[in-house]
Structure formats: structure tokens, C-alpha cells
Amino acid sequence: MKKLFFITTLLLLSCNSKTLSEIEKGDDEVIILSYLKIENSSKQKIYNFLENYVDKVILVEPQSYGYGFYEYGDDILFIERFKNEDAIISHAKNVSEGGVLQKDYAEYNYYFEPYKVDVFGKISQDLKDYLEPYNLPIFYYPNIVSFSKGYETKWEELN
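Reminder that position 36 of the sequence shown reads as 36 in the working numbering, one-by-one numbering, no gaps.
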């Protein structure tokens with residue numbers, strides 16, 4: 001009886017599991033690290049702003065996989081994770097004139113001056129051309145291989 005239970009359990013688990021080739025590796029995910037110099041205001045006021053800003057991004061950008069602001073000496077390290085480059089363009093439209101985050105992004109720019117932006121992932125020349133007018137000090141690092149998991153579950157919990 002124990003053998004039958006074990007074999008049945010093993011068969012059920014093997015039928016529901018994915019092979020490595022079936023798991024989406026997240027090869028199109030793009031990670032951006034922005035190194036930000038604090039320009040204006042107190043840290044507490046900035047931290048309050050960032051908390052509200054991140055809450056808004058969560059609501060309007062389902063393809064933004066992650067947003068994190070971290071103390072980096074006297075500066076801030078900002079890490080963004082996007083599903084793909086289309087999600088970056090969507091974000092850029094949201095923070096641009098007429099976008100739902102335009103006002104918030106103007107305040108963001110009041111507080112911070114980026115002095116280096118590192119972009120990791122599969123990026124087309126079209127995206128590089130799209131980002132060029134923002135006049136940011138951007139450096140690109142192509143993806144070799146990566147994986148990402150867990151985001152969909154977190155997004156579903158928010159809904």
C-alpha cells in the first residue's frame with residue numbers, strides 16, 4: 001500500500017512539474033540601476049515622496065517588475081526591473097508630458113540628479129534611440145542568460 005501511495009504521488013507530481021525547457025527564463029527582462037545624487041530637501045521628505053511614488057507605479061505599471069530605492073552612501077541607488085523594453089517605453093510615456101505620473105516625475109527630478117544609469121538586458125537600438133533625448137548618462141550591458149520568477153504571484157496578490 002505504501003508503494004502504491006508513493007508511486008501515485010510521484011506520478012502526480014511529475015505530471016504537474018515543468019521541464020527546464022518549459023520554464024520561462026525571463027530573457028527579455030531589463031534591469032536598470034540609476035545612481036542618484038540628492039539635490040534638494042531632507043532625506044525624510046524624500047523618503048516619504050518615494051514611498052508614495054512607488055505605490056503609484058505599482059498601480060499603473062503591471063509590467064514594472066520591481067522598484068527599489070536604496071541608501072548608497074550620501075546618494076540613492078534606484079533599481080528598476082521591467083518585463084521587457086516595451087515596459088520601459090510604457091513607463092517613459094507615463095512619466096512624460098501628459099502621462100499619469102508626469103507630476104510625480106517632475107517632483108522626482110526636483111529631488112534627484114542621475115549621474116550614472118546602467119541598463120542590463122536585451123536592448124534594441126530603437127530603445128536606445130528612444131531614451132537618447134532624456135540626456136541620461138546611460139551604459140548598456142547585454143544579457144547572456146537570466147531567469148526571473150515570482151512576480152506574477154505578487155501582482156495577483158495586489159489585485
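Using N, Cα and C, we set each Cβ at its ideal position, and we do this for glycine too.
Quiz item: Thinking C-beta only, is SER148 closer than 9 Å to GLU80?
Solution: no
Quiz item: By the 10 Å Cβ neighbour count, where 16 or more other Cβ atoms means buried, how is PHE78 classified, buried or exposed?
Solution: buried
Quiz prompt | Bounding residues of the alpha helix (DSSP H) (the contiguous stretch that carries LYS43) | solution = Boundaries of the alpha helix (DSSP H) harbouring LYS43: 43 to 60, taken from the DSSP string.
Quiz item: Buried or exposed: where does GLU174 fall if 16 or more other Cβ atoms within 10 Å of its Cβ makes it buried?
Solution: What the structure shows of the chain is the stretch from 1 to 159, and residue 174 is not part of that stretch, so it cannot be assessed.
Quiz item: Between ILE31, GLN125, ASN40, which lies nearest to GLU107 when the distance is taken from Cα to Cα?
Solution: Each of ILE31, GLN125, ASN40 was checked against the Cα of GLU107, and the nearest Cα belongs to ASN40.
Practice problem: State the Cα-Cα distance for the pair PRO137 and TYR70, rounded to the nearest angstrom. | Solution: Computed Cα separation, rounded: 20 Å.
Quiz item: If you pair each beta-carbon of the region 52 to 71 with each one of the region 111 to 121, do three or more pairs fall below 8 Å?
Solution: no
Quiz item: Can you tell which of ASP129, HIS91, LYS128 has its C-alpha closest to the C-alpha of ILE58?
Solution: HIS91
Self-check item: Three-state class that DSSP yields for PRO137 in the structure shown
Solution: coil
Quiz item: Do VAL95 and TYR105 have their C-beta atoms closer together than 9 Å?
Solution: Their beta carbons are under 9 Å apart, which means VAL95 touches TYR105 by this criterion.
Quiz item: Can TYR65 and PHE49 be called in contact, C-beta distance under 9 Å?
Solution: no
Quiz item: Do TYR141 and LEU36 have their CB atoms nearer than 9 Å?
Solution: no
Quiz prompt | Residue range of the unbroken beta strand (DSSP E) whose run includes SER64 | solution = 64 to 72
Quiz item: For ASP75 versus ILE38, is the C-beta distance shorter than 9 Å?
Solution: Result yes, Cβ atoms of ASP75 and ILE38 sit closer than 9 Å.
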